[in-house]
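**Q** The structure is given below, and queries will be raised subsequently.
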Amino acid sequence: NWDPYICEINERVLKIRITDAHIGFPTIPEKNIFASEKKLYPSECRLAGSNYSSNMTISYEILIDDEILLQEKHLVGKIPIMVQSCKCNLNGLNNDQLISSNEEPNEVGGYFIINGNEKVIRLLIMPRRNYPISHIRTSWLKRGSLYSKYGVSMRCVKDDETSSNMILHYLNNGTAQLCIFFEKKMFFIPVVLIIKALSNKSDKEICQTLLKGIQDSELRSYYRWCIIYMLRQVHAQKIHNQQSALEYLGVHFKFKLNLLKRNLNPEAGEYLIRKCVAIHLTNNEEKFNLLCFMVRKLFVFINGKCANENPDNIMFQEVLTPGRLYMMFLREKLVNWCQSIHFYLNKKEKKETSFMFNQANLRESVRRSLNLTKSFEYLLATGNLQAKSNLALMQSSGLTVVADKLNYYRYISHFRSIHRGSYFTGGRTVGVRKLLAECWGFICPVHTPDGAPCGLLNHLSLNCSITPKTQSTELLTSRMFKWGMIAVNESFDSYSQFYYPVMINGRLVGWFAEKLGVKIEKHLRELKCYNSDIISSDAEICLVEPSDLATQYPGFFIFTETSRFIRTVKNVKYDCFEYIGSFEQVYLKVAMKETDNFSHVELSKTSFLSFNASLIPFSDYNQSPRNIYQCQMGKQTMGQFALSIPYRSDFKSYRLISPQSPMTKPIIHDEYELNNYPMGTNAVIAVISYTGYDMEDAMIINKSSWERGFAHACVYKNEKINLNTLKGRNAKSIIFSSNTSSRTIDKDGLPMVGCKLHRGDGYYSYFDTGTNEFTVVNYKKDEIANVEQVTIVGDDDSNGPLSHILVRLRIERNPIVGDKFSSRHGQKGICSKFWPLQDMPFSVNGITPDILFNPHGFPSRMTIGMMIETMASKSAALKGVVSYDATSFQFSEKKTAIDYFAKKLVHSGYCYYGTEEMYSGVTGTKFDVDIFTGIVYYQRLRHMISDKFQVRGTGTVNTLTRQPVKGRKRGGGIRIGEMERDAILSHGMSYFLHDRLLNCSDKSISYICLKCGSTVVSDKKCKITGNRKQKCRRCNSSSSIESIYLPYVFRYLIAELVAVNIKISIQLKSI
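To convert, note that position 420 of the sequence shown is 420 in the working numbering; the numbers rise steadily by one, no gaps.
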């Protein structure tokens, strides 16, 4: 249904029409004759570092002067395929088949594989499609002297996802201007001119249509005079009917629209309206009615009868899903493909005098046309958008992110996160970051990062979803006419009673009387709950009633379009589940519990939380910032990140050696089968101030527990070695091979599986058949690594030489002093000491804790949930219970969680308060007070001191300033700034400061003239005696030269100042 591409070459019309498109399944290239199966699977692309893509073939027609000269199929390139989509080879496989395909048993897909990396297209928040929003923007005042801050904007989206924006501005002289966009350019046109171009109605009929539905007599009078004034302005330009309006638009816009020379001006005007004005509507009559509705809303808005609709409100927002963005980008690139054919034919026609439009030339132009492969690869690999129209987006970068699988929490968060857009990241306003009340149930109020993206990067609530497709409304519209809806063009008496304008998916279809509108709204909701064919179950039905206050513009709005926010609640009246949208939720009464005054009830008390936030045990007992911290730290935790580790090629991944399932966990933990991906260890903790090693956030770990494997972990690093990319070598003559026996290199030249690599050991070797030389490459990293796995990667033909391998190295990362740990309540701590078992405090039963936690961590952080978890897990361990339910909001003030689990402890013979008698491991004496002790599920974070410590003696320096370079990887130094300098001086460490800033930095010898204070002193060496002699160039003397130590950067500053004729004198005094 796409419009054909039309252009003109030598006064002949070239028309390219794409009639069909087909995308196949990913397969191995046909020239590979050794493969037993032609299907290509995602795991193979991950290991090979290639793209998971498939061929796209289009059927096209090329017409010259409306005569078909060529009608064929053409391969336009390889299109990346989303994993688990309908074109993926994994689609429809059960768990056993997924495992046999080297995938996770619960692989959900939703990402692309580009160069072996898993890429996710971000969910972006966009303005709600096909709905006019009235709002205030002070930036509109800059558009002209008459422009005001009031306007009505609308984002129009067609079924093929083509979008265009319209803004209806109010001018201070009582008129309105329509702002339209074409190829990133703005054009301002009087709205009445567009209205007259859309319909051949008289001025009286236009005035009556614009005044329809307005009851306020004062507003009606003012509005009428504004309409008359706008019509007079149009008549002053000799525009009296539809034909003259189209002629006027064609004269002024024909050149801007890049139309053919043979197109008439009225045709250009019609093209402008079709491409830029309410593009989601195909009928000019419907566009006419919509513009009249927008004008009415604008004038009601400026007179204070309608409220300002905040564009940051989720009511007026939707989500740009990956499929929609993919479709928009594909359409743009197919247009570019047509343009490439046009450019080639145009160029060839100018060069060749005997050029003819025949099938040979047309086939040649198609053969040389644009290939779409690299365009899609670049979009997904970098996230940067290369499109002429920018796809009506406010950003052209940051559209994709890597779906790194550090752990399962982080992986799922990539698919549930929504971003407001990088355009707002650098903004100073906080309005866009605020969490409004209308977001309840759709956006999680807890799960958002701190720092720059705070409030911009949010996460969907657990119960929230996005509508996948647009539902048809033809049957609904016909039924509404039978129920008493007045046609949009029929007249009615608006003085006797109020009439609701009925808008379905941005199309004004009619009017409902005020009393009838309430009945129809209830009837439609009943049909929606019973899954009727008349209206879809995910539709939004909203009746905005009129009010004496400045509220939302009244009307009867129905939305059945795609990309809307919806969530599930229980309808009390019909006792069923119902999808409600973000627009209609504001006008519904949704309660937590069933009462007489509410129509809907939440499914659960935690339905407003995100996936990560709902996994925090007893989160309702914690301080809010701690829950926010846990949502972030949960995504930085080591654990069992995948079950198909041997078939993954992540550059760097972390794995906990012996993870455990928590003893207290929310119900959702088992619903999502998270026991397959554990992320922590159940640790016995004692809340006690024991020695000085547990101050602030520091914590003491039992050395015996550490020796038994507590929180032991490893890091997997995958290194791709491709001999074809070696510089200065002929790729075809290099293969892996070895001629010497080595402890670390096998006979085939590959690393020995299971060997331990130290710095300087042989890593791999290769043989150059051109020079008959063997080359051994040594391991250059400082950390000791074990060769876990070596994977041979073949080429597309599978018959080339062995030149590409993937080596997985395992690096042990057992806890050391400085590593970071955290509970599930945002209580992060640093390991400060491994305390011997014999010196640890112990209980009457002889139990020594794994972790000593400072009691000062509770009063300021107020993480009562952690205290409850300590008691609950202790009770679960005593009773042999698998786990207790730790879902939030299940307890109340009358039935508290502390009392519930305290009674469980008493039943097991322990203290009600969770405390025990403990004895000092040093003296053996009993402590004066009982110690609070229990079990807490502790997480080990990926922040390790082995990755962060920085030590420098000597090393590389900056060639300009001769100071140490910065950066840990470059062996640089640590910057001592002004605050660090003041802190060092406050401790009286002046010599240390002098040593750091001079001796270990850019210390240099400088010669100073005592007479003039000049540093411009020559230092020459005598050729006869070999002695050095200094001489001042300013006073031409060598008798008064002294040498001192200065920072070289100071000498550099003096040289810069001298270069701009600024004299510097240094006065020296003897002390």
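Each residue gets a CB set at the ideal place from its N, CA and C atoms; glycine is no exception.
According to DSSP, simplified to helix, strand and coil, what is Cys-179?
**A** Reduced to three states, the DSSP call for Cys-179 is strand.
**Q** Tell me where the alpha helix (DSSP H) around Tyr-326 begins and ends.
**A** For Tyr-326, the enclosing alpha helix (DSSP H) stretches over residues 322-351.
**Q** Flag this pair as yes or no: are the beta carbons of Arg-367 and Lys-635 separated by less than 8 Å?
**A** No, Cβ-Cβ distance for Arg-367 and Lys-635 is not below 8 Å.
**Q** Thinking Leu-460 and Phe-442 are a contact (beta carbons under 8 Å), I'd like their distance in whole angstroms, please.
**A** 7 Å
**Q** Taking the straight line between their C-alpha atoms, what separation do you get for Thr-775 and Tyr-766?
**A** Roughly 5 Å between the two C-alpha positions.
**Q** Can you tell me where the alpha helix (DSSP H) holding Gly-193 begins and where it ends?
**A** In the sequence as displayed, the identity of residue 193 is Leu instead of Gly. For Leu-193, the enclosing alpha helix (DSSP H) covers residues 191-198.
**Q** In chain order, what residues of the same chain lie with their CB nearer than 6 Å to the CB of Asn-814, ignoring the 5 residues before and after it?
**A** Cβ contact annotation for Asn-814 (same chain, cutoff 6 Å, sequence separation greater than five): His-712, in chain order.
**Q** Taking the alpha-carbon positions, what's the Leu-32 to Thr-57 distance?
**A** First, the residue type needs correcting, since residue 32 is Asn and not Leu in the sequence shown. Distance between the alpha carbons of Asn-32 and Thr-57 is about 21 Å.
**Q** In three-state DSSP terms, what is Val-586?
**A** Three-state DSSP puts Val-586 in a helix.
**Q** Can you name, in chain order, every residue of its own chain whose Cβ lies under 6 Å from the Cβ of Gln-339, other than the five neighbours on each side?
**A** none
**Q** Could you tell me which uninterrupted alpha helix (DSSP H) segments, each at least 4 residues in length, are contained entirely in the segment 794-870, listed from first to last along the chain?
**A** With a minimum length of 4 residues, the continuous alpha helix (DSSP H) runs that stay inside the segment 794-870 are 857-861.
**Q** Which stretch, first to last residue, makes up the alpha helix (DSSP H) that contains Ala-698?
**A** Taken as a continuous stretch (DSSP letters only), Ala-698 belongs to no alpha helix (DSSP H), being part of the beta strand (DSSP E) at 698-702.
**Q** Alpha carbon to alpha carbon, how far is His-669 from Leu-615? Give it in angstroms, no decimals.
**A** Computed Cα separation, rounded: 7 Å.
**Q** For the ligand ATP, is there a heavy atom less than 7 Å away from the beta-carbon of Leu-393?
**A** Absence of the ligand ATP is noted for the structure shown, with no ligands found whatsoever.
**Q** For a quick check, are the C-beta atoms of Phe-598 and Val-590 less than 8 Å apart?
**A** yes
**Q** Using a Cβ-Cβ cutoff of less than 7 Å, which residues in the same chain neighbour Asn-55 once the five nearest sequence positions on both sides are dropped?
**A** Gly-24, Leu-75, Lys-78
**Q** Where does Asn-390 fall in DSSP's three states?
**A** helix
**Q** Would you mind reading off the limits of the beta strand (DSSP E) that contains Gly-510?
**A** 507-513
**Q** At 4 residues or longer, what runs of the alpha helix (DSSP H) sit wholly inside the segment 414-454?
**A** With a minimum length of 4 residues, no continuous alpha helix (DSSP H) run stays inside the segment 414-454.
**Q** What's the gap between the Cα of Phe-1073 and the Cα of Tyr-41?
**A** No answer is possible for residue 1073: it lies beyond the span of the chain, which begins at 1 and ends at 1071.
**Q** Where do the N-terminal and C-terminal ends of the beta strand (DSSP E) with Lys-1031 fall, by residue?
**A** 1028-1032
**Q** Beta strand (DSSP E) containing Val-687: first to last residue?
**A** 681-687
**Q** Based on Cα-Cα distance, which residue from Ala-902, Gly-880, Gly-865, Lys-879 lies nearest to Thr-887?
**A** Gly-865
**Q** Helix, strand or coil: how does DSSP classify Ile-33 here?
**A** coil
**Q** Can you find the residues in the same chain that come closer than 6 Å, C-beta to C-beta, to Ile-203, ignoring five residues on each side of it along the sequence?
**A** Just to set this straight, residue 203 is Asp in the shown sequence, not Ile. Leu-231, listed in sequence order.
**Q** If you pair each beta-carbon of the segment 638-656 with each one of the segment 933-946, do three or more pairs fall below 8 Å?
**A** yes
**Q** If I follow the unbroken alpha helix (DSSP H) through Glu-545, where does it start and stop?
**A** Looking at the DSSP string, Glu-545 is not in any alpha helix (DSSP H), and its letter there is neither H nor E.
**Q** Name the DSSP beta bridge partners of Glu-578, please?
**A** Val-569
**Q** With distance defined between alpha-carbon atoms, name the residue in Asn-308, Ala-35, Ala-197 nearest to Leu-549.
**A** Asn-308
**Q** Which value, in whole angstroms, describes the spacing of the CA atoms of Glu-671 and Leu-806?
**A** 36 Å
**Q** I'd like to confirm the pairing. Which residues does DSSP put opposite Met-485 in its beta bridges?
**A** According to DSSP, Met-485 bridges with nothing at all.
**Q** For Pro-26, I'd like the list of residues in its chain whose CB is within less than 7 Å of its CB, leaving aside the five on either flank, ordered along the chain.
**A** Leu-40, Tyr-52, Ser-53, Ser-54, Ile-81, Asn-89
**Q** With a Cβ-Cβ cutoff of 8 Å, do Pro-134 and Lys-297 count as a contact?
**A** Sequence inspection shows Ser at residue 134; the Pro mentioned does not correspond to that position. The answer is yes: Cβ separation under 8 Å.
**Q** Assuming Ile-520 contacts Asp-538 under a Cβ cut-off of 8 Å, what Cβ separation, rounded to an integer in Å, is found between them?
**A** About 19 Å separates the two Cβ atoms, so there is no contact after all.
**Q** Would you kindly check if the distance between the Cβ of Leu-391 and the Cβ of Glu-332 is under 8 Å?
**A** A contact, by the Cβ cut-off of 8 Å.
**Q** Spatial neighbours of Cys-439 within its chain, please: C-beta separation below 7 Å, excluding the five flanking residues on both sides.
**A** Ile-314
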